[in-house]
Structure formats: structure tokens, C-alpha cells
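Those protein sequences? They're chains E and P, same order as listed. Quick note: the first sequence uses our numbering, first residue 252, plus one each step. Quick note: the second sequence uses our numbering, first residue 12, plus one each step.
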Amino acid sequence: MQLQPDDNGHFGIYGGRYIAETLMPILIEVDKAYKEACEDSSFNAEFQHYLKDYVGRPSSLYLADRLTEAWGGAKVYLKREDLNHTGAHKINNTIGQVLLARRMGKKKLMAETGAGQHGVATATVAALFGMECDVYMGEEDIVRQAPNVKRMELLGTKVVPVSSGTKTLKDAMSEALRAWVAEAETTFYVIGSVAGPHPYPVMVRDFQAVIGIETREQIMDVEGVLPQMIIACVGGGSNAAGIFYPFIEDKKVLLVGVEAAGYGIETGQHAASIVAGDVGILHGSKTYVLQNDDGQIQNAHSISAGLDYPGVGPQHAQWADEGRVEYCAVTDDEALASFHELTRLEGIIPALESSHAIAEAKKRAAGMDSDSVIVVNLSGRGDKDVDAILDFES
Amino acid sequence: MGVLHIVGFGVFFVVGSLFIMNRIDKKFKELKDAGRKGFVGYLTVGDPDIAVSEQNIRTAIEGGVDILELGVPFSDPTADGPTIQAASQRALAAGMSVSGVLDMVRRIRADYDVPIVLFGYANPLFRYGYEKVCADALAAGADGMLIVNLPHEESGALTPHLDKQGMYFISLVAPTTSKERARTILAGAKGFVYYIMVTGVTGARVEVAVDIVGHVSDLRDCTDLPIAVGFGVSNGAQARKAAESADAVVVGSALIKAAQAGTLDTLVAEIRTALDS
Numbered sequence: 252m253q254l255q256p257d258d259n260g261h262f263g264i265y266g267g268r269y270i271a272e273t274l275m276p277i278l279i280e281v282d283k284a285y286k287e288a289c290e291d292s293s294f295n296a297e298f299q300h301y302l303k304d305y306v307g308r309p310s311s312l313y314l315a316d317r318l319t320e321a322w323g324g325a326k327v328y329l330k331r332e333d334l335n336h337t338g339a340h341k342i343n344n345t346i347g348q349v350l351l352a353r354r355m356g357k358k359k360l361m362a363e364t365g366a367g368q369h370g371v372a373t374a375t376v377a378a379l380f381g382m383e384c385d386v387y388m389g390e391e392d393i394v395r396q397a398p399n400v401k402r403m404e405l406l407g408t409k410v411v412p413v414s415s416g417t418k419t420l421k422d423a424m425s426e427a428l429r430a431w432v433a434e435a436e437t438t439f440y441v442i443g444s445v446a447g448p449h450p451y452p453v454m455v456r457d458f459q460a461v462i463g464i465e466t467r468e469q470i471m472d473v474e475g476v477l478p479q480m481i482i483a484c485v486g487g488g489s490n491a492a493g494i495f496y497p498f499i500e501d502k503k504v505l506l507v508g509v510e511a512a513g514y515g516i517e518t519g520q521h522a523a524s525i526v527a528g529d530v531g532i533l534h535g536s537k538t539y540v541l542q543n544d545d546g547q548i549q550n551a552h553s554i555s556a557g558l559d560y561p562g563v564g565p566q567h568a569q570w571a572d573e574g575r576v577e578y579c580a581v582t583d584d585e586a587l588a589s590f591h592e593l594t595r596l597e598g599i600i601p602a603l604e605s606s607h608a609i610a611e612a613k614k615r616a617a618g619m620d621s622d623s624v625i626v627v628n629l630s631g632r633g634d635k636d637v638d639a640i641l642d643f644e645s
Numbered sequence: 012m013g014v015l016h017i018v019g020f021g022v023f024f025v026v027g028s029l030f031i032m033n034r035i036d037k038k039f040k041e042l043k044d045a046g047r048k049g050f051v052g053y054l055t056v057g058d059p060d061i062a063v064s065e066q067n068i069r070t071a072i073e074g075g076v077d078i079l080e081l082g083v084p085f086s087d088p089t090a091d092g093p094t095i096q097a098a099s100q101r102a103l104a105a106g107m108s109v110s111g112v113l114d115m116v117r118r119i120r121a122d123y124d125v126p127i128v129l130f131g132y133a134n135p136l137f138r139y140g141y142e143k144v145c146a147d148a149l150a151a152g153a154d155g156m157l158i159v160n161l162p163h164e165e166s167g168a169l170t171p172h173l174d175k176q177g178m179y180f181i182s183l184v185a186p187t188t189s190k191e192r193a194r195t196i197l198a199g200a201k202g203f204v205y206y207i208m209v210t211g212v213t214g215a216r217v218e219v220a221v222d223i224v225g226h227v228s229d230l231r232d233c234t235d236l237p238i239a240v241g242f243g244v245s246n247g248a249q250a251r252k253a254a255e256s257a258d259a260v261v262v263g264s265a266l267i268k269a270a271q272a273g274t275l276d277t278l279v280a281e282i283r284t285a286l287d288s
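See below:
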């Protein structure tokens with residue numbers, strides 16, 4: 252099994268840097284700076300300091316008793332990334348990237364965002380370090396994730412509306428790449444998922460791996476054994492990569508990635524790039540993408556803005572081909588039902604993205620015996636989704 | 012008989028490739044001999060529909076475009092500004108596809124000897140199949156490909172198939188490219204070098220970047236190929252300035268805008284005149 256990509260960022264046939272020549276030297280510079288930072292213990296010390304004292308890590312691993320009882324099978328633990336500062340796993344990565352940006356002497360940050368969680372997490376670190384920040388966000392997402400737009404603005408970030416194409420995450424990322432070309436000398440592009448050109452898929456995975464590293468320690472403390480199963484939702488796939496990666500070589504741990512089936516895979520209105528897509532090239536890497544027969548990228552659909560993306564991180568594509576991670580998909584309705592179930596049974600309002608992982612856990616838990624253990628990555632909290640859900644259900 | 016057949020084919024192939032010069036090389040040789048600057052014109056195929064697009068392409072050639080860059084529309088053109096983005100969207104909405112582009116090349120080739128470079132993004136060609144698209148593009152009459160998001164490090168999957176057909180992979184060099192990197196990129200480059208004059212996306216700009224002369228002169232140290240400069244050139248004056256040190260100038264977004272306004276022939280004539288004066 253290949254854990255690290257080759258020098259040009261390839262995970263097998265996936266990954267790479269499919270990007271205009273103008274950005275190539277910039278990406279090579281980011282890669283070099285990241286490698287040097289990894290060798291520098293002071294960089295890691297600084298990263299750990301902010302994770303602990305600013306983000307509030309470690310996040311707890313919580314045994315969801317009532318959920319376990321209701322589902323009548325495996326013990327269900329929730330890795331509480333929703334308890335992080337800013338309410339999702341996204342901040343782990345933005346802390347890492349802003350520290351790298353500072354090392355590289357960059358004065359400004361920029362980011363794309365779908366649900367707004369990554370945008371808020373980037374705006375937060377920009378405020379923390381007194382840096383200017385632009386966040387590109389699709390006009391449709393600006394409407395469905397309005398509270399996060401306000402948060403970013405309060406933090407001093409400029410939210411740049413993207414009106415091209417689907418007006419969602421895909422076009423926000425395209426527009427961010429276009430803007431970056433013009434200001435790459437001074438600006439660090441903080442990509443929010445394990446997607447995009449090398450070195451982002453590796454770098455974001457490494458910054459998010461803290462989730463899996465903590466989970467391993469915590470589950471060993473309380474259960475004394477590794478879990479049978481770990482479940483996480485997959486849009487671009489950063490929370491999943493973060494919790495899976497430290498368990499990749501533990502073959503006995505079944506890793507399950509849950510994509511968004513939207514209205515149902517058979518309707519074609521979904522965001523399940525691995526389950527129902529084909530190999531293609533989008534936003535700097537070769538991976539599974541939703542496309543038509545002519546290689547045009549198709550619009551994704553998910554009730555969850557954070558999963559509403561027609562591609563996926565290249566290492567996930569490789570894990571899928573190798574069979575190391577099992578990928579499946581959950582519909583909008585199933586995710587919504589799980590959103591309510593977790594809210595009512597545990598008093599935890601999950602993000603719609605994370606609700607996909609909960610829905611898959613429910614399907615799996617019932618068939619497992621009561622001393623087996625499932626860990627679900629509860630990647631974010633659902634406050635941002637409350638208005639959209641009320642609208643949707645009214 | 013099988014062996015004889017293969018040998019015979021091999022001899023034919025070798026002889027054939029000795030005598031058939033790529034139209035791009037031929038054109039630059041002609042330009043050099045005549046002491047003229049080249050005019051590379053870009054249009055997105057299928058914008059706003061097949062018939063009008065074909066007429067625009069013919070207008071551009073008749074007006075004196077030396078090398079034609081035909082844009083293969085893509086849904087997510089991350090290196091293009093608003094003009095080419097919109098042109099791509101119009102073309103896709105009108106049903107344009109890779110095979111539709113090849114059909115257009117075939118029709119243009121039936122009437123003109125102008126070198127044709129397919130210009131686009133990797134995914135539609137990858138999906139069509141690199142080997143098949145190179146064979147079909149040659150058959151249609153194309154001479155090269157310029158794939159914006161296929162930098163040197165990723166080009167190895169496509170170039171053997173282009174080489175096999177005697178077509179050229181056109182290399183891009185940007186202001187951010189170091190001289191050392193330019194040497195690596197251009198070591199095996201063919202046809203011409205496309206120098207991107209600005210750190211930004213495609214699109215007309217008020218001012219053309221200042222230090223073209225310096226950059227082009229640096230590039231001359233790295234390659235003997237002709238150098239075309241592009242990104243941001245929108246009128247005769249800019250074209251003339253850009254051509255001072257380069258061998259050719261690329262105009263794209265401005266041609267698309269002119270075609271929309273019904274003034275394509277005027278703009279093409281203006282640029283041609285400026286380059287020849």
C-alpha cells in the first residue's frame with residue numbers, strides 16, 4: 252500500500268498537478284516549504300500549541316448511549332469534531348496552513364468554501380494572525396449558509412460571491428484558482444479539503460490526521476482494542492482522510508466513507524463521485540469525478556453544501572481502488588432523518604454533512620454484536636443548517 | 012507476407028515523415044523568410060453555435076490569421092477569464108463536444124492550409140482517450156495541441172501519442188517560470204513556445220505587461236523555437252508592442268468579443284496591419 256505520493260504528487264494513477272504553468276512554480280514552492288516545515292520540530296510544536304489552546308483539542312470521543320440503545324447493535328462512539336473552535340474539523344487544517352503561510356512570508360490568505368465551515372475556519376485564523384483574507388463562495392451557498400457568511404464578515408474577511416456555473420463549491424474553487432494566479436506571489440491559497448493539486452491532498456490529510464491519532468489513543472483507553480469500524484462522510488474527503496489515515500495499516504479496522512446520494516444515485520442528482528463517477532481531471536488532480544460522456548463536469552447535488560462537489564480527494568480514489576476503504580452513499584432524506592435522530596436522542600445537533608455518516612452507522616450498527624465498536628466522525632455541528640432545514644421541511 | 016507488410020509500412024512511414032513538415036514549422040519558416048510577425052488567433056469552437064462559429068473561423072483565416080487555436084470547450088476552464096468562460100458555456104449549451112470540434116477541424120482543413128492547434132483542458136481529451144483523440148485529430152487535420160492544465164510534469168501521458176501522429180504538444184511558459192525550469196520544459200518542445208505575458212487568467216487588458224522584451228530574451232537562451240506571446244492582447248497597438256521581441260502574438264478573448272459585436276473582420280484586419288507595419 253502506498254501511503255505517500257511520488258515526487259509529483261501521484262497516488263498511483265491519481266493526484267498530480269493538473270494546473271496552469273503559471274501556478275506550477277508556486278505549487279512547487281508550497282511543497283518545498285511544507286516538506287521543510289515537517290522537518291522542523293518548532294513548526295509542529297507551534298501547530299500542537301494552537302490545536303490545544305486555541306482549537307481546544309483533543310476533541311472528546313463520546314459513547315452515544317441512547318443512540319447505541321436505539322440502534323440495538325454495536326457501541327457507537329462519536330468523535331466530537333463539532334466541539335472544536337468554529338464548530339468543525341476544518342480549523343485543524345487552517346491552523347496548519349496559516350502557520351505555513353506565515354513561514355513563507357505570505358501576507359494574505361484566500362480560500363474557497365461550500366458550507367462555509369472552511370471559510371469561517373480560514374477567516375478565523377486570518378483574524379488570529381492579523382492577515383487579510385478573501386473567501387470565494389457560490390451565490391447559492393451564500394443563501395443556504397447565510398449565518399456563516401455573517402461570521403466571516405464579522406471576522407474581517409471579504410466574502411467574494413461566485414455567480415458562474417452552479418454557483419456552489421465547484422465554481423467557488425474554480426474562481427479561487429483563477430484569482431490565485433493573479434496574486435500568488437503575496438497570497439497563500441488555503442484549500443479546505445484533501446483535493447486540488449499536490450501538495451494539498453497530502454498536506455491537508457496530514458493536518459487532519461490529528462483526528463485519527465487522538466481517536467486511536469482514546470478508544471484504546473476506554474475499550475482496550477481498536478474499533479471494528481470507522482465511518483466518516485466524504486465530500487472532498489478531509490475529515491474522512493483525517494480519521495482514516497492513522498488506521499490505514501490496521502487492516503482489521505473497516506473504514507467506511509459515506510458520499511452524498513442526494514435524491515438517489517439512480518436519479519443522477521447526487522454528489523457520489525466514487526460510488527457513481529468515473530476517473531477524470533478536475534481542479535488540479537486526477538481522481539473520480541462526476542462527468543458526462545464528453546468529459547464535461549456534471550453538477551453535483553446534495554442537501555449538504557459541504558458535500559455538494561463533483562470530485563473527491565485523489566487518495567480516496569486510490570483507497571477505493573485498493574479496496575482499503577469501503578465507499579457508499581446516503582440520500583438527503585436518510586441524512587435528514589439522522590440529523591433529527593441524533594438531535595433528539597443525544598442533544599447534539601450535527602452538521603448535515605456529518606448526518607450522512609450517522610445514517611450509514613445506523614444501517615451498519617444493527618447487524619453487529621453489542622461488544623463491537625463503531626466510531627463515527629461527527630465532523631461538525633449543525634447550527635449553520637438550522638434555517639435551511641426549517642425551510643426545507645416547511 | 013505479414014513481415015513484408017510490416018517492413019513495407021515502416022519504410023513508408025519513415026519516408027513519409029521525412030517529407031511531410033508539420034504545418035506549424037512550415038508557417039514559422041514562411042514568416043521568418045518574409046520577415047513578418049505571426050498572428051495566432053483563438054476562437055472557441057461552437058460559440059455561439061456551430062454555424063456562426065464556423066463562419067467566424069473562416070473570417071479569421073480570410074483576414075490573415077497565421078495560426079489558428081481552436082478552443083475545445085470545457086465546463087470548468089480554471090485558467091480563463093470571463094470572456095472565454097462565457098464562450099465555453101455558450102458552446103456547450105449549443106451541444107459542442109470533442110467530436111464536434113474535430114468535425115469543425117475537418118471542414119476548415121478542407122478549404123485552408125492554416126496550422127490548427129487544439130486548445131483546451133485535459134479532461135475532455137482524457138475522457139475521449141489520448142491515443143484516439145490524437146489519431147482522430149491528425150485525421151481531421153490538426154497540427155498540435157495546447158492543454159492548459161497539462162504542465163510539463165503531467166504531459167507524458169499525452170505526448171507519446173502526439174509524437175506518433177507527428178503532432179506537436181505546445182509548451183507554455185509563464186512569468187513565474189524560472190529560467191532553469193524553462194530549460195527543462197523546452198528541452199523536447201516542438202512547434203513554438205507560448206509565453207504567457209501576465210500572471211493571471213486569459214482576457215483583454217488595458218496595459219500589456221511591461222517586461223516582455225526581457226522575458227522573451229531570457230527564453231531565447233533556452234530554446235531555438237519561435238516564441239508566441241499572449242494573454243491580454245486586444246488591439247493592434249498592443250499586438251505591435253507585444254511583437255517587438257516575439258515571433259508571434261496570440262489574440263483570444265478580444266476576437267471572441269469582436270465576433271459577438273459583429274466586428275471580427277475589422278479587428279483581425281487591425282491586428283494584421285499592425286503586425287505587418
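Using N, Cα and C, we set each Cβ at its ideal position, and we do this for glycine too.
Check, Outcome
"Sequence-distant residues of the same chain with beta carbon closer than 6 Å to I599(E), five excluded per side", "L593"
"Three-state class that DSSP yields for T408(E) in the structure shown", "coil"
"G155(P) at chain E interface by Cβ criterion, 8 Å", "no"
"Beta-carbon proximity of H607(E) to G488(E), cut-off 8 Å", "no"
"Under 8 Å by beta carbon: chain P residues contacting K421(E)", "D87"
"Same chain only: Cβ atoms within 6 Å of I7(P), ignoring 5 sequence neighbours per side", "Coverage of chain P is limited to positions 12 through 288, which leaves residue 7(P) absent and any answer about it impossible."
"Residues that S264(P) contacts on chain E, provided the C-beta gap is smaller than 9 Å", "The contacting residues do not exist; S264(P) stays about 13 Å from chain E at best."
"One or two residues paired with S536(E) in a DSSP bridge", "L533(E)"
"Residues bridged to N628(E) [DSSP beta-bridge criterion]", "K330(E)"
"Every unbroken beta strand (DSSP E) within the region 324 to 383 of chain E, with a cutoff of 3 residues, ordered by chain", "326 to 331 and 359 to 364"
"Rounded distance between the beta-carbons of L405(E) and Y560(E), thought under 8 Å", "About 26 Å separates the two Cβ atoms, so there is no contact after all."
"Proximity test, Cβ basis, 8 Å: T273(E) and chain P", "yes"
"Identity of the residue in A104(P), D147(P) and E73(P) nearest Y123(P) by Cα", "E73(P)"
"Outcome for M32(P) when other beta-carbon atoms lying within 10 angstroms are tallied against a minimum of 16", "exposed"
"DSSP three-state assignment for H261(E), whether helix, strand or coil", "strand"
"7 Å CB neighbourhood of A284(E) in its chain, flanking five on each side removed", "L351, R354 and M355"
"Buried or exposed by the 16-neighbour rule on C-beta atoms within 10 Å, applied to P171(P)", "exposed"
"C-alpha distance - I270(E) paired with S536(E), whole-angstrom precision", "8 Å"
"Unbroken alpha helix (DSSP H) run spanning Y451(E), endpoints", "Y451 to Q459"
"Nearest candidate by alpha-carbon position, reference F130(P), set A146(P), Y179(P), K175(P) and D60(P)", "Y179(P)"
"Environment of R283(P) [buried if 16+ CB atoms lie within 10 Å]", "buried"
"Cα-Cα separation, V504(E) to V485(E)", "18 Å"
"Straight-line gap, V244(P) to V51(P) (C-alpha atoms, nearest Å)", "11 Å"
"Within-8 Å CB hit, V212(P) to chain B", "The structure shown contains no chain B; its protein chains are E and P."
"CB contact flag (N241(P), V212(P), <8 Å)", "According to the sequence as given, residue 241(P) is Gly; it is not Asn. Contact flag unset, no."
"For R216(P), three-class secondary structure by DSSP", "coil"
"Short CB-CB distance (under 8 Å) between L161(P) and chain E", "yes"
"CB contact check: V563(E) to chain P, cutoff 8 Å", "no"
"Nearest neighbour of D472(E), chosen from Y313(E), V637(E), N295(E) and Y265(E) [CA to CA]", "Y313(E)"
"Helix, strand or coil at E289(P) [DSSP, three-state]", "In the structure as shown, chain P begins at 12 and stops at 288. Residue 289(P) is therefore absent and cannot be evaluated."
"Segment contact, 8 Å Cβ cut-off, at least three pairs: the region 318 to 337 of chain E with the region 432 to 449 of chain E", "no"
"Length of the line joining the Cα atoms of E585(E) and V509(E)", "12 Å"
"Close beta carbons around A579(E), own chain, < 8 Å, minus the five adjacent residues each side", "First, the amino acid is wrong: residue 579(E) is Cys here, not Ala. For C579(E), where only same-chain residues beyond five positions count, the Cβ hits under 8 Å are V507, G508, V509, E510, V526 and E611."
"Inter-residue Cα distance where the pair is E272(E) and R194(P)", "14 Å"
"CB contact check: N259(E) to chain P, cutoff 8 Å", "yes"
"Stretch pair the region 339 to 348 of chain E + the region 441 to 452 of chain E: three plus CB contacts closer than 8 Å", "yes"
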